[in-house]
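Taking it in order: structure first as structure tokens, then the write-up.
Number of protein chains: 2
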Amino acid sequence: MINNQELIGYVAAALTTGSFLPQAVMTIKTKDTSSLSLGMYTLFTLGVLCWLIYGILIFNWVIIIANAVTLLLAACILSFKIYNTFISKP
Amino acid sequence: MINNQELIGYVAAALTTGSFLPQAVMTIKTKDTSSLSLGMYTLFTLGVLCWLIYGILIFNWVIIIANAVTLLLAACILSFKIYNTFISKP
């Protein structure tokens with residue numbers, strides 16, 4: 250049985266991780282990253298990587314799974330931003 | 250004394266929370282939200298609110314402070330996106 254505290258933790262993790270899916274889909278579809286902050290996605294991707302390492306160190310599966318998925322989505326968005334900023338010349 | 254596990258947890262929290270500052274500053278300065286996903290910021294802001302409630306329930310100050318700051322920044326970005334999508338007609 251999970252209690253109410255755990256439940257709200259799982260809902261929180263599902264929402265914050267899941268939220269990057271519509272952004273990743275939108276970025277892949279439109280390839281537009283003009284109003285996305287490079288600083289944000291750089292710091293955020295590094296932060297999520299740290300959360301993943303933290304989850305592995307304390308062996309917490311919720312933290313591991315949530316952050317592995319978020320890392321994938323955030324790294325995808327960051328790749329588009331880096332490509333548009335430094336490689337593609339419009 | 251904090252151990253290495255706790256340290257990486259604090260670094261992770263500082264990075265993921267701090268990452269929303271450059272995005273908020275960029276959004277406030279440019280007012281451009283064209284490539285930001287409304288779905289992402291709606292889900293994310295709700296998720297961070299749940300994390301804040303979770304932090305209060307388990308009385309964990311790191312979770313409370315990190316998510317209170319992130320909530321403020323995410324809600325600010327979401328407000329601009331809602332204004333540009335539903336209120337302002339360019």
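From first to last, the protein sequence lines are chains A and B. If you read the first sequence in my numbering, its first letter stands for residue 250, the second for the next number, and so on. If you read the second sequence in my numbering, its first letter stands for residue 250, the second for the next number, and so on. All residues carry an ideal CB built from backbone N, CA and C; glycine is no exception. This one's a predicted model, so the numbers in the text were calculated from it and none came from an experiment.
Taking 9 Å as the CB-CB cut-off, is residue i touching chain C?
{"i": "residue 321 of chain A", "result": "The chain labelled as chain C is not found among the protein chains of the depicted structure, namely A and B."}
Going along chain B in order, which residues have a C-beta closer than 7 Å to the C-beta of residue i?
{"i": "residue 299 of chain A", "result": "257, 260, 261 and 264"}
With a 10 Å radius around its C-beta and 16 neighbouring C-beta atoms as the bar for buried, classify residue i as buried or exposed.
{"i": "residue 311 of chain B", "result": "exposed"}
{"i": "residue 293 of chain B", "result": "buried"}
{"i": "residue 337 of chain A", "result": "exposed"}
{"i": "residue 308 of chain A", "result": "exposed"}
{"i": "residue 277 of chain A", "result": "exposed"}
Using a cut-off of 7 Å between C-beta atoms, extract the partners of residue i located in chain A.
{"i": "residue 286 of chain B", "result": "271, 272 and 275"}
{"i": "residue 302 of chain B", "result": "257"}
Is it the case that the Cβ atoms of residue i and residue j are separated by a distance below 9 Å?
{"i": "residue 333 of chain B", "j": "residue 280 of chain B", "result": "yes"}
{"i": "residue 264 of chain A", "j": "residue 296 of chain B", "result": "yes"}
Interface residues of chain B around residue i at Cβ under 8 Å?
{"i": "residue 331 of chain A", "result": "Result: empty, since nearest Cβ-Cβ is about 14 Å, beyond 8 Å."}
In chain B, what lies closer than 9 Å to residue i by C-beta?
{"i": "residue 337 of chain A", "result": "Near residue 337 of chain A there are no residues of chain B at all, since even the closest Cβ is about 14 Å away, more than 9 Å."}
{"i": "residue 282 of chain A", "result": "284"}
Note down, in chain order, every chain A residue with its Cβ under 8 Å from the Cβ of residue i.
{"i": "residue 334 of chain B", "result": "Within chain A, no residue comes near residue 334 of chain B; the closest Cβ sits about 13 Å away, beyond 8 Å."}
At 4 residues or longer, what runs of the alpha helix (DSSP H) sit wholly inside the segment 251 to 279 of chain B? Taken in chain order, the whole alpha helix (DSSP H) runs of length 4 or more contained in the segment 251 to 279 of chain B are 253 to 267 and 269 to 279.
Touching by the beta-carbon criterion (3+ pairs, under 8 Å), the segment 273 to 281 of chain A and the segment 317 to 330 of chain A: Yes, the segment 273 to 281 of chain A touches the segment 317 to 330 of chain A.
Can you confirm whether the segment 325 to 335 of chain B touches the segment 280 to 290 of chain B when touching is taken to mean that 3 or more C-beta pairs between the two stretches lie within less than 8 Å? Contact between the segment 280 to 290 of chain B and the segment 325 to 335 of chain B is present, because at least three Cβ pairs lie under 8 Å.
Does the segment 286 to 303 of chain B come into contact with the segment 250 to 264 of chain B, if we say contact requires no fewer than three beta-carbon pairs (one atom in each stretch) closer than 8 Å? They do not touch, by the three-pair rule.
Note down, one range per segment and in chain order, each alpha helix (DSSP H) of at least 4 residues found wholly within the segment 284 to 311 of chain A. You should have 287 to 306.
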